[in-house]
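Notes follow the structure.
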Amino acid sequence: MDKHRIIVLGGGYTGIVVAGQLARRMRPAVASVTLVTGDATRDERMRWHQLAAGQRYPLLSIADALKGSGAQLEVARVERIDPQRHIVVVSGGRTLSYDTLVVALGSVIDFGTVPGAREFAQGLTDVGSIEAAARRLASLPDGARVVIVGGGLTGIELATEVAESHPQLRIAIVSSRAPGDWLSEPGRRHLDRAFDRLAVERVRGRVAEVGPDAVRLADGQELSSAFTFWAAGFRANPLVAASGVKVDELGRAYVDAGFRSVSHPDVWVVGDAARVPGPDGAPLKMGCRTGAFMAMAAPAKVAAHLAGVGATPFVGRYFAECISLGRRDALLQWLTPQGTPTDRIIVGRPARLIKEYVHRGNLFVARHPGPYTPVRRASVQAPADGRREMIEA
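Quick note: the sequence shown uses the UniProt record's numbering, first residue 1, plus one each step.
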């Protein structure tokens, strides 16, 4: 009997955890799991703002992370997904065939349609370009202004990190709404104090154009900028929409409560690339605040389907979000299950330690992706057609 071929796309946290846990659930004699990613190391995207500021941190070998799980690693860049033919086209024009596909390709910077944004602004898109941006920042003269466009989580963390690491530079964060305006009142107060302490200039306005040395706002105001970062939004990896699966306006695949594509039954999508309903029906927001829980839940859903048994629907919810404000400060904002901020916050060194614990915890789980969801479940019953043999009993 030919093995059932499972391919997982994406070497980030979600892809590594899904591949490792799924492989541990499969019987090696009847199913194979292969993780396909363009790099042999998994970079911590949650630390990219640190990298932009010129800091260093350890990288994780994906092969080491998968060791002992039974999952195979294929280092190749994904160029196209063809669900109709059940193939993935990778670098060099090679094709990989699958029976089941799990897409964990994450999100990318959304430059939108602002003239000059893509040409003259730097997004946090990949390690190489971010390291080049860090070198550029280090070469700027004292007093040069660096503009960060976007007042969301990425913009806030980037502005505070760069301001702390480069006090000789002038840092401005530009957004149409106040940075962190979704936070609770106590959270906003702490964020404002952090901005004041780090001398981060806040500019309200919609960016109309980005040039090589200036950012122009819709009201005509022009800000000189020796270097511009773009952090004004994200959308799903464009490979998802290009594959033909049903997607929303941000390119996220519509999936059911088991992460299965509603349009292509042999495709599962997890993490930022998936439109997953939250407790109030609205789609969960992108980011680690939701993606980590999807990564832990998805392998059981896929394995149960392949075994022909039912699986408990995934119920997405929020708990908290932790925002870095440099190396010595952070803000942990507690949320309701629906994502509404409460007045409960943790700030300063305790929040900083929690944020670091989250980083290290994600790294640990990526290195040890199997033991946290047991493969032996007494509640899983064998179906009449015998497909139960595919997964561990």
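Just so you know, even glycine gets a beta-carbon here, dropped at the ideal spot from N, CA and C.
Computed from a predicted structure; not experimentally measured.
Here residue 321 is buried: its Cβ has 16 or more other Cβ atoms, across all protein chains shown, within 10 Å. Under a 10 Å Cβ-count criterion, residue 357 is classified as exposed, with fewer than 16 other Cβ atoms of the shown protein chains found around its own Cβ. Taking C-beta atoms as the reference points, residue 146 and residue 225 count as a pair closer than 8 Å. A Cβ-Cβ distance of about 4 Å is found for the pair residue 163 and residue 171, placing them in contact under the 8 Å criterion. Residue state for residue 262 is assigned as coil, using DSSP reduced to three classes. Judged by DSSP in its simplified three-state form, residue 280 adopts coil rather than helix or strand. Around the Cβ of residue 196, a 10 Å sphere holds fewer than 16 other Cβ atoms; the residue is exposed. With a cut-off of 8 Å on Cβ pairs, the stretch 285 to 292 is in contact with the stretch 12 to 27, counting three or more such pairs.
The Cβ neighbour count for residue 336, taken over all protein chains shown within 10 Å, is under 16; the residue is labelled exposed. Look at residue 44 here: in three-state DSSP terms it is coil, with no helix or strand label. Of all C-beta pairs linking the stretch 27 to 40 to the stretch 56 to 76, three or more are shorter than 8 Å, placing the two stretches in contact. No Cβ-Cβ contact shorter than 8 Å links residue 260 with residue 275. For secondary structure counted as the beta strand (DSSP E) over 3 or more consecutive residues, the stretch 124 to 173 holds these complete runs in sequence order: 145 to 149. Under a 10 Å Cβ-count criterion, residue 319 is classified as exposed, with fewer than 16 other Cβ atoms of the shown protein chains found around its own Cβ. Proximity of the stretch 208 to 219 to the stretch 181 to 192 falls short of the contact definition, fewer than three beta-carbon pairs being nearer than 8 Å.
With a contact defined as Cβ atoms closer than 8 Å, residue 328 and residue 352 qualify at about 6 Å. Residue 97 sits exposed, since fewer than 16 C-beta atoms from the chains shown fall within 10 Å of its C-beta. For residue 203, the enclosing beta strand (DSSP E) covers residues 200 to 204. Using a 10 angstroms sphere on the CB of residue 326, the tally of other CB atoms reaches 16 or more, which defines it as buried.
Scanning the stretch 35 to 99 from its first residue to its last, the whole alpha helix (DSSP H) runs of 4-plus residues come out as 48 to 52 and 62 to 66.
By the neighbour-count criterion, in which 16 or more other beta carbons inside 10 Å mark a residue as buried, residue 272 falls on the buried side. A straight-line Cα-Cα distance of about 8 Å links residue 141 and residue 169. In summary, residue 50 is buried, with 16 or more beta-carbon neighbours lying within 10 Å of its beta-carbon over all protein chains present.
Excluding its 5 nearest sequence neighbours in each direction, residue 350 has no C-beta neighbour in its own chain below 7 Å.
Closest in alpha carbon position to residue 241, among 53, 21 and 82, is 82. By alpha-carbon distance to residue 108, the top candidate from 236, 344 and 161 is 236. The beta-bridge partner set that DSSP reports for residue 232 is empty. Residue 55 places its beta carbon 8 Å or farther from that of residue 228.
Residue 70 sits close to residue 33, with the two beta carbons spaced by under 8 Å. When DSSP states are grouped into helix, strand and coil, residue 294 belongs to the helix group. Annotated three-state conformation of residue 101 is strand, per DSSP. Rounded to the nearest angstrom, the Cβ distance from residue 99 to residue 193 is 54 Å, too far for a contact under 8 Å. From the listed residues 324, 7, 136 and 210, the smallest Cα separation to residue 115 is found for 210.
Annotation for residue 239: the continuous alpha helix (DSSP H) segment containing it runs 238 to 242.
Distance from the CA of residue 45 to the CA of residue 233, rounded to the nearest whole angstrom, comes to 15 Å.
According to the DSSP assignment, residue 196 belongs to the alpha helix (DSSP H) that extends over 185 to 197.
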